[in-house]
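Chemist:
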Amino acid sequence: MKKMKALVIAPYRGLVELTSSLIDQLDDFDITIVQGDISEPLPVRQYEEEGYDVVISRGGTAKLIRDHCSLPVVEIKISGFDILRLITLLKEYKTPIEMIGFPNIIEAVVAVSRLLDVYIPYTIIHEQDEVNEALEKARKKGALVIVGGSNTVRLAKEQGLQGILITSGKESVLEAFENARNMCQAIGRYKSDWLMLSTLAQGTECGMASIQVDGGLRYANAVFQEILGVRSDQDAGLVLRQRFPQLMDLLRKSSVKGEPTSSFELYDSTFRHKLMAVPGLAELEPSLYNLYLRPVTDSENDIQVQRLEPFIGTFPHLIRARADFQIALTSAVGILSKHEPVTVYGEQGTGKRILAGSLWQQLRPEEEELLEVVVTRGTEEAFLHLKHLLEETQQGGMVYLRGVERFSPKYQRRVAELVIKSAAFLIFSFDKSPDQLREEGLLEPELFALMTGAIIEMKPLRSNLQELDELIRIFISENNEKYGKQIVGIRPKAQAALYEFPWKGNLIELRDTVKELVKSAEGEYIEEEMLSSLEKQKSEHSAAGGTRTLNLDQPLQSIQKDIIQLVLQEENMNQSRAAKRLGINRSTLWRILKDST
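This is the structure in structure tokens:
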């Protein structure tokens, strides 16, 4: 008997994880899981051609697919269990909350919350285009946390608010598959195996594109767009030309009578990416170049450059609302507005990059970037690349610079000259105070003098333990969404134990600790024994001198995954830097982790 072929379109990652965990219980289905929602185009016509018997989705995404697709669509409902779990989580919140959603969801939550004597402010909407207006009203009422569906949460985060997604639990997903099972009894045949070919294409490791000599981008694969950082609302060709402004001239010069004649290579202005252009086959399509794009490896560059915006989004907005953080932010904005550099220092994980991101959000003109530049070795090549970057950064661009103390005195003096002339907003970052570095002979007087205008210390987490409870709850809600869990709280003894942690890794350690606790939790609460197990692992790690022993008595694939996980942890889960250290690209790293699960 043929299996029913189901396509699950999950609006958030946690629903992907939850559905994946239930596949073994649904052995009469052939299940494909895709993450996507109404904020991005959904190729519904394509789904009709791929042989699916049924589409399963949630909320507004399910409605959109149903309106534009002939396939049967089953909606994953919000069950009573989901509502109870949500209310249990929210009732402990002290931060101002507003719930925004459609009547069928809001009214059910309100009815149950009244029975439990819990009041949750809410706004009912009837169309998706009402969300922004509702968010603005919520903000004026003082709300800092928005509860709603995936699109509402996404828009809330874009507006600087914390979002909590109303998630669906195991019971709701199994009920949806039961409804799909009944529907599929009337479906009698499968269509093409286009999905298999699409999956193979998406698994390509190299960023590839085709461009005409006049600049028209004919094709760009997902990896190509990912490397460039193309958003769903952007034109990939425009982003390509902005990142490689010399490209059009080289295309014209390398063409004779409109046909490609020679290959060439070039770097983008930040030296983060290398582009190779190779003439296409003229008999297939005249005037066409094939483009191959990859990140620059550490062996090619002694500085690492990356966009910092993705990291900023991994921390809740509540961290930025702290009084000391706001004081530092106000001071730094005033200094940067005069085009003088700001210096920030503190232990790893104290929020230095979060401060840089907040400054960028306040000061940046449209389309300008926030770049993190890390000097890994103070070589002449590293200086020349930094010189090029600071000279090319446009007015309003921001550079978050780490490792400048690794330059020799000669190059530090030349860096000081560059800083004075640069149009960029510049933030120096150190683990130690500039005064201490100066005393240790690691900062030259000329460079040190530029840092005396605004020096900001980021305090460690152990100095702000009064905020620990709220931060833990926010990280719980974020990881519920990410891993398909419904954790509603933490037991008192476990919570008390967290207050005793030294938190040497500060916010990053707290985030990663709560993530591991949520991932390992099997019930609705984080239990004391889970924390004890995690603390034991940390102690063993510390006793081993901060190193991790690899288990060599396992398959090569598992050893490979363990090595990648270790490097990811050392790089604060930054996949780009981990991939560079390992000598592979991000797509290969992602595929290895995915295939090993």
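Basically the numbering used here = 1-based index in the sequence shown + 34.
Ideal Cβ positions, reconstructed from N, Cα and C, are used throughout, including at glycine.
Computed from a predicted structure; not experimentally measured.
Rounded to whole angstroms, what's the CA-CA distance from Gln-429 to Leu-452? Just pull it up for me.
Modeler: Locating residue 429 in the sequence shown gives position 395, counting from the first residue. Locating residue 452 in the sequence shown gives position 418, counting from the first residue. Answer to the nearest angstrom: the Cα atoms are 14 Å apart.
Chemist: By the three-class DSSP mapping on this structure, what secondary structure does Asn-619 have?
Modeler: As a first step, residue 619 is located in the sequence shown; it is residue number 585 there, counting from the start. Looking at Asn-619 - three-state DSSP - the assignment turns out to be coil, as it is neither helix nor strand.
Chemist: Apart from the five residues on each side of it in sequence, which residues of its chain come closer than 6 Å, Cβ to Cβ, to Arg-611?
Modeler: Within the sequence shown, numbered from 1, the residue matching residue 611 stands at position 577. Counting only Cβ-Cβ distances below 6 Å, and skipping sequence neighbours, we find Glu-605.
Chemist: Please report the Cβ distance between Ser-184 and Asp-101, rounded to the nearest whole angstrom; I am assuming they are in contact, meaning their Cβ atoms lie under 8 Å.
Modeler: The sequence position of residue 184 within the sequence shown is 150, counting from 1. The sequence position of residue 101 within the sequence shown is 67, counting from 1. Going by Cβ atoms, the distance from Ser-184 to Asp-101 rounds to 18 Å, so no, they are not a contact pair.
Chemist: Count the CB pairs spanning the region 45–52 and the region 517–528 that are closer than 8 Å, and state whether there are at least three.
Modeler: A contact exists between the region 45–52 and the region 517–528.
Chemist: According to the Cβ coordinates, are Glu-141 and Ala-172 closer than 8 Å?
Modeler: Your numbering for residue 141 matches position 107 in the sequence shown. Your numbering for residue 172 matches position 138 in the sequence shown. Contact flag unset, no.
Chemist: In whole angstroms, what is the alpha-carbon distance linking Arg-189 and Ile-159?
Modeler: For the purposes of this step, residue 189 is taken as the residue at position 155 of the sequence shown. For the purposes of this step, residue 159 is taken as the residue at position 125 of the sequence shown. Position check: residue 189 holds Leu in this sequence, whereas Arg was assumed. Roughly 14 Å between the two C-alpha positions.
Chemist: DSSP on Tyr-46, reduced to helix/strand/coil?
Modeler: To locate residue 46, count along the sequence shown from 1; it is residue 12. Residue state, collapsed to three classes: coil.
Chemist: With three or more beta-carbon pairs closer than 8 Å as the criterion, would you say the region 147–165 touches the region 239–250?
Modeler: Touching, no, given that fewer than three Cβ pairs across the two stretches are closer than 8 Å.
Chemist: If you reduce the DSSP assignment to three classes, tell me which class His-422 lands in.
Modeler: The residue you call residue 422 lines up with position 388 of the sequence shown. In this structure, His-422 counts as helix in the three-state DSSP scheme.
Chemist: Quick one: give me the first and last residue of the beta strand (DSSP E) that Phe-482 is part of.
Modeler: Here the question's residue 482 lines up with position 448 in the sequence shown. No beta strand (DSSP E) holds Phe-482; the alpha helix (DSSP H) holding it covers 479–483.
Chemist: Where are the beta strand (DSSP E) runs, 3 residues long or more, that stay fully inside the region 528–570, in chain order?
Modeler: Correct list: empty.
Chemist: Is it true that the CB of Ser-511 sits closer than 8 Å to the CB of Ile-198?
Modeler: For the purposes of this step, residue 198 is taken as the residue at position 164 of the sequence shown. For the purposes of this step, residue 511 is taken as the residue at position 477 of the sequence shown. The answer is yes: Cβ separation under 8 Å.
Chemist: Have a look at Lys-308 and Phe-258 and give me their C-alpha separation to the nearest angstrom.
Modeler: The residue given as residue 308 occupies position 274 in the sequence shown. The residue given as residue 258 occupies position 224 in the sequence shown. About 12 Å.
Chemist: Can you list, in chain order, the stretches of the alpha helix (DSSP H) that have 4 or more residues and sit fully within the region 251–294?
Modeler: Qualifying alpha helix (DSSP H) stretches, in chain order: 256–262, 270–277, 281–287.
Chemist: Look at the alpha carbon of Leu-424 and the alpha carbon of Ala-416, and state the distance between them as a whole number of angstroms.
Modeler: The residue you call residue 424 lines up with position 390 of the sequence shown. The residue you call residue 416 lines up with position 382 of the sequence shown. Using only the alpha carbons, I get a separation of about 12 Å.
Chemist: Given that a residue counts as buried once 16 or more other Cβ atoms are within 10 Å of its Cβ, and exposed if not, what is Asn-216?
Modeler: Indexing the sequence shown from 1 puts residue 216 at position 182. With fewer than 16 other Cβ atoms within 10 Å, it is exposed.
Chemist: Helix, strand or coil for Met-38? Go by DSSP, reduced to three states.
Modeler: For the purposes of this step, residue 38 is taken as residue 4 along the sequence shown, with counting starting at 1. Strand, per DSSP.
Chemist: Would you be able to state if there are at least three C-beta pairs under 8 Å between the region 99–114 and the region 199–213?
Modeler: Result yes; three or more Cβ-Cβ pairs closer than 8 Å.
Chemist: Assuming the contact rule is C-beta atoms closer than 8 Å, Ile-337 and Val-407 should be a hit. Round their C-beta distance to whole Å, please.
Modeler: Residue 337 sits at position 303 when you count from the first residue of the sequence shown. Residue 407 sits at position 373 when you count from the first residue of the sequence shown. Right, their Cβ atoms sit about 6 Å apart.
Chemist: Per DSSP, Ala-459 forms a beta bridge with which residues?
Modeler: Numbered from its first residue, the sequence shown carries residue 459 at position 425. The sequence given here has Phe at residue 459, not Ala. Met-432, per the DSSP bridge assignment.
Chemist: Under 8 Å between the Cβ atoms of Leu-499 and Asn-540?
Modeler: Along the sequence shown, read from residue 1 onward, the residue named residue 499 stands at position 465. Along the sequence shown, read from residue 1 onward, the residue named residue 540 stands at position 506. Going by C-beta atoms, Leu-499 is not nearer than 8 Å to Asn-540.
Chemist: Given a threshold of 16 other Cβ atoms within 10 Å of its Cβ, counted over all protein chains shown, does Ser-497 qualify as buried or as exposed?
Modeler: For the purposes of this step, residue 497 is identified with residue 463 of the sequence shown, where counting begins at 1. Exposed, by the Cβ-count rule.
Chemist: Taking the straight line between their C-alpha atoms, what separation do you get for Tyr-81 and Ile-121?
Modeler: Along the sequence shown, one-based indexing puts residue 81 at 47. Along the sequence shown, one-based indexing puts residue 121 at 87. Those two C-alpha atoms are separated by around 36 Å.
Chemist: Below 8 Å CB to CB, which residues in the same chain sit around Val-3 once its five sequence neighbours on both sides are set aside?
Modeler: Because the chain here runs from 35 to 631, residue 3 falls outside it and cannot be looked at.
Chemist: Near Ala-254, which residues of its chain fall below 6 Å by C-beta distance, leaving aside the five closest residues on each side in sequence?
Modeler: Taking the sequence shown and counting its residues from 1, the one referred to as residue 254 is at position 220. Closer than 6 Å at Cβ, skipping near neighbours: Ala-243, Ala-270.
Chemist: Which residue comes first and which comes last in the beta strand (DSSP E) that contains Ile-28?
Modeler: No information on residue 28 is available, as it lies outside the stretch 35 to 631 that the chain covers here.
Chemist: Classify Glu-126 as buried or exposed, calling it buried when 16 or more other Cβ atoms lie within 10 Å of its own Cβ.
Modeler: Numbered from 1 along the sequence shown, position 92 holds the residue referred to as residue 126. That one is exposed.
Chemist: How is the beta strand (DSSP E) around Val-324 delimited, first residue to last?
Modeler: The residue labelled residue 324 in the question sits at position 290 within the sequence shown. A small correction: the amino acid at residue 324 is Asn; Val does not occupy that position in the sequence shown. Segment 322–329, the beta strand (DSSP E) holding Asn-324.
Chemist: Candidates Val-68, Lys-455, Gly-114: which alpha carbon is nearest Thr-143's?
Modeler: Your numbering for residue 143 matches position 109 in the sequence shown. Here the sequence assigns Val to residue 143, which means Thr is not the residue at that position. Taking only the C-alpha atoms, the option nearest Val-143 is Gly-114.
Chemist: Beta carbon of Ile-560, beta carbon of Ile-521: below 8 Å?
Modeler: For this step, residue 560 is matched to residue 526 along the sequence shown. For this step, residue 521 is matched to residue 487 along the sequence shown. Yes, Cβ-Cβ distance for Ile-560 and Ile-521 is below 8 Å.
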